[in-house]
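So this note's numbering is basically just the index in the sequence shown, starting at one, shifted up by 292. Think of the CB as a built atom: it goes at the ideal place given N, C-alpha and C, for glycine as much as any other residue. These numbers come from a predicted model, not from an experiment. Scroll down for the structure; my scribbles are underneath it.
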Amino acid sequence: MAPLILLAAGGTGGHLFPAEALAAALTRRGLAVDLVTDSRAAKYAGHFPARELHVISADTVRGRSPVAMAKTLFALGSGFVSALALLRRVKPAVVVGFGGYPTLPPLFAATVLGVPSLVHEANGVMGRANRLLAKRVQSIATGFPGILDTNPALKAKAVWTGNPLRPAVLAATATPYAAPTPDGTLNVLVFGGSQGARVMSDVVPDGLAALDSGTRARLRVVQQARAEDMARVQGTYAQAGIAAEVAPFFQDLPARMAGAHLVISRSGASTVAELAALGRPSLLVPLPGAIDQDQAANAKALEAVGGAVTIPQAQFTPERVAQEIRRLAATPETLTQMADAARSAGVLDAADRLADVVARLAGGAPAQTQVG
């Protein structure tokens with residue numbers, strides 16, 4: 293019987309995407325894969341390449357209310373009991389966590405039962421859940437290099453793998469960047485992560501509508517918008533004479549990214565990894581208010597190599613959007629340079645590199661290959 297690898301991922305699609313990529317890589321090697329997640333993320337996992345899906349109780353800390361904290365602790369405690377029973381039943385060779393509070397119960401259960409375990413930190417700074425687990429797991433895989441350099445104990449068991457990419461993203465990397473011309477079409481893709489982002493609907497349409505008529509005529513916009521925002525977004529584009537396709541979700545988002553000259557988006561770890569792999573220039577608006585400021589760290593990493601422009605949400609206004617589009621439309625060679633720079637940061641074999649770490653743990657060998 294093939295060894296079983298139990299992947300723990302939950303919360304949002306952003307946690308599931310790298311887990312999905314690893315699952316595909318492990319399956320190709322003949323390993324069995326199960327997924328343990330929470331009820332929120334289960335809706336994203338319909339096509340997850342796992343032998344079996346296990347749903348356990350979990351919650352995320354929200355605010356400092358004693359009632360909310362008690363509710364979270366109860367959910368996590370219940371999840372831990374369920375995870376102990378699950379691990380005793382399915383007997384995984386390795387448990388892999390992808391961050392977020394829903395991964396705490398199965399990873400703590402693994403450490404209690406002595407099952408080899410590792411966490412993958414996708415962001416440019418380690419999140420709270422992974423920090424809680426970091427001292428207990430055998431290995432830490434990172435999506436960005438050097439994020440644990442200031443902690444010698446954790447650095448000693450860190451492996452830089454990059455962020456695993458879904459098969460659909462890898463397929464889209466075969467599409468070369470179509471360098472824009474001074475008077476040609478400019479394809480702009482706007483999205484805000486798996487759950488959408490209202491700020492994109494509030495800002496981008498008005499910013500593009502403020503451009504001169506010649507630039508507006510060049511635009512071909514594809515925008516993700518929440519269902520309740522679609523009518524006003526479509527109305528703004530129609531009134532401005534901008535060709536636009538607006539939808540709450542795009543199943544073929546990697547292909548849409550590959551067809552874009554410019555992407556305007558949040559800067560979740562999966563998004564940044566995909567932009568780099570595809571080599572697509574971007575305007576990145578990190579999610580504000582996060583305790584760890586993880587999206588800001590992700591955006592700065594891509595900006596540092598010249599592949600993106602980071603715009604803090606407080607500065608993300610229609611005027612700023614118009615300014616950036618006006619500049620880039622007038623100097624299309626800048627977009628091509630940004631595309632090349634972004635591609636230089638892409639790690640296309642991250643899923644296989646992470647699968648190597650998992651396979652070594654499953655075989656009882658040390659996991660470290662490249663310090664990150």
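What is the residue span of the beta strand (DSSP E) that residue i lies within?
i    : result
S557 : 554–557
S574 : 574–576
S636 : Per DSSP, S636 belongs to no beta strand (DSSP E); it is in the alpha helix (DSSP H), 624–636.
S562 : That residue, S562, is in no beta strand (DSSP E); its alpha helix (DSSP H) goes 561–570.
A450 : 450–452
A600 : 600–602
A606 : Per DSSP, A606 belongs to no beta strand (DSSP E) and is neither H nor E.
V597 : Where V597 is concerned, there is no enclosing beta strand (DSSP E), given that its DSSP letter is neither H nor E.
Taking Cβ to Cβ, would you say residue i is nearer than 7 Å to residue j?
i    : j    : result
R458 : F608 : no
A517 : V496 : no
D326 : E312 : no
A501 : A470 : no
V639 : G454 : yes
G599 : A552 : no
L511 : L478 : yes
A464 : A547 : yes
G484 : R558 : yes
A647 : L446 : no
V388 : L323 : no
G499 : A614 : yes
A631 : P573 : yes
P472 : A642 : no
A654 : V407 : no
Applying the criterion that 16 or more other CB atoms from any shown protein chain within 10 Å of the CB defines a buried residue, is residue i buried or exposed?
i    : result
G581 : exposed
A589 : buried
T434 : buried
A315 : buried
E625 : exposed
H307 : buried
S505 : exposed
G302 : buried
E413 : buried
P540 : exposed
T442 : exposed
V404 : exposed
D586 : buried
G664 : Confidence in G664 is poor, its pLDDT being 46 and thus under 50, which makes the residue's placement too unreliable to answer from.
P578 : buried
Could you give the residue range of the alpha helix (DSSP H) that holds residue i?
i    : result
R490 : 490–501
T403 : 396–405
L440 : Element bounds for L440: n/a, residue is neither H nor E.
L240 : Outside the modelled stretch of the chain, which goes from 293 to 664, sits residue 240, for which no answer is possible.
V525 : 522–532
From the options, pick the residue whose C-alpha is nearest to that of residue i; which is it?
i    : options                : result
A509 : Q515, A536, V491       : A536
D330 : P341, G391, E616       : G391
P384 : W452, M293, G416, P610 : M293
R381 : G389, A401, V388, T395 : A401
T467 : R652, A550, A606, V328 : A550
P397 : R428, P408, S374, E413 : S374
S636 : A654, A614, A569, L646 : A569
L576 : M630, A317, R320, V555 : V555
A342 : L296, V386, A621       : L296
P610 : G560, G419, A593, V491 : V491
V451 : V649, D494, M418       : V649
R618 : S370, G419, P474       : P474
A448 : A421, I432, V525, F436 : I432
R652 : S409, P358, L399, K592 : S409
V561 : L545, A591, D584, D544 : Looking at the sequence shown, residue 561 is not Val but Ala. Among L545, A591, D584, D544, the Cα nearest to that of A561 is on A591.
A519 : T507, L594, S493, Q543 : S493
Which residues does DSSP pair with residue i in a beta bridge?
i    : result
I297 : V325, V386
R458 : Paired residues: none, contrary to the question.
L511 : L478
V411 : G389, I432
A421 : Per DSSP, none; premise fails for A421.
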